[in-house]
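Residue numbers (the numbering used here): 32 to 86.
Positions of the beta carbon are idealized from the N, C-alpha and C atoms, including for glycine.
Step one of this worksheet: look at the structure below.
Take a look at the structure:
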């Protein structure tokens, strides 16, 4: 979890990506890693602030 900022990004189309992983306990004391990836397309124009929330 966290917040990040990227100042002075040039105009254009960008992609924000992140991997999300967590562990879960299974029976008999074993664990399993689960998760996936998130991505969002961002169109940056004219130096305007763009807020992105990955869900």
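Where the beta strand (DSSP E) containing residue i begins and where it ends
i	result
residue 74	62-75
residue 52	43-56
Straight-line Cα distance separating residue j from residue i
i	j	result
residue 60	residue 78	51 Å
residue 35	residue 66	21 Å
residue 33	residue 58	32 Å
residue 45	residue 37	12 Å
residue 81	residue 68	21 Å
Three-state class that DSSP yields for residue i in the structure shown
i	result
residue 34	coil
Within 7 Å, strictly: CB atoms of residue i and residue j
i	j	result
residue 76	residue 42	yes
residue 40	residue 54	no
- On the three-pair Cβ rule with 8 Å, is the stretch 41-56 touching the stretch 67-85? Contact holds between the stretch 41-56 and the stretch 67-85, because three or more Cβ pairs, one in each stretch, are under 8 Å apart.
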